[in-house]
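Residue numbers (the working numbering): 422 to 560.
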């Protein structure tokens, strides 16, 4: 009957709405857990490199501010900062360089993700930046 067909259609719509809402909550919780892990682990990693927890927390704050409104995740920028800091030997330089490179890659139309960082010399390897990314047009 027409009434049961309407009920089935309504049930399908309700099911899709509930599933979408559940997936949104699940994704938000996952992102929050990942962010919390990053916030907890970054100071420990930086301490193992000889930096204070306070310096690490200042860096996290700068990184968070530096990616606000951008498609870069905190995990991505923190991972890049760890690599740059280890290579450059300076947490402030690693933090500022990670933000600058992130912005450069995004301006060039490329997602930041895990960018090629540095050589053992502590210098950014411009040759490791993917050609055609647009990120190196002014370099």
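No residue lacks a Cβ here, since even glycine has one placed at the ideal position from N, Cα and C.
Given the structure is predicted, the values throughout are model-derived calculations rather than measurements.
Practice task
Flag this pair as yes or no: are the beta carbons of residue 518 and residue 483 separated by less than 9 Å?
Solution key: Numbered from its first residue, the chain shown carries residue 518 at position 97. Numbered from its first residue, the chain shown carries residue 483 at position 62. It is not a contact, given that the beta carbons lie outside the stated cut-off.
Problem - Assigned exposure category for residue 477 - 16 Cβ within 10 Å defines buried - result: Mapped onto the chain shown, residue 477 falls at position 56. So residue 477 ends up on the buried side.
Exercise for the section: Consult DSSP for residue 494 and reduce its assignment to one of helix, strand or coil. Expected result: Along the chain shown, read from residue 1 onward, the residue named residue 494 stands at position 73. When secondary structure is reduced to three states using DSSP, residue 494 falls in the coil class, being assigned neither helix nor strand.
Exercise for the section: Enumerate in chain order the residues of its own chain whose CB-to-CB distance from residue 466 is below 7 Å, with the five nearest sequence positions on each side excluded. Expected result: Numbered from its first residue, the chain shown carries residue 466 at position 45. Here the set comprises 503.
Exercise for the section: Determine the DSSP secondary structure at residue 470, reduced to helix, strand or coil. Expected result: Looking up residue 470 in the chain shown gives position 49. DSSP places residue 470 in coil when its eight states are reduced to three.
Practice task
Select from 489, 498, 479 and 524 the residue whose C-alpha is nearest the C-alpha of residue 513.
Solution key: Start at 1 with the first residue of the chain shown, and residue 513 comes out as number 92. For the residues 489, 498, 479 and 524, the minimum Cα distance to residue 513 belongs to 479.
Practice task
Determine the DSSP secondary structure at residue 511, reduced to helix, strand or coil.
Solution key: Taking the first residue of the chain shown as 1, we reach residue 511 at position 90. Residue 511 falls in the coil class under three-state DSSP.
Problem - Whole-angstrom distance between residue 460 and residue 491, CA atom to CA atom - result: Indexing the chain shown from 1 puts residue 491 at position 70. Indexing the chain shown from 1 puts residue 460 at position 39. Here the alpha carbon of residue 491 sits roughly 18 Å from the alpha carbon of residue 460.
Handout entry: C-beta neighbour in chain C for residue 485, strict 9 Å
Key = Within the model displayed, chain C is absent; a lone protein chain is all it includes.
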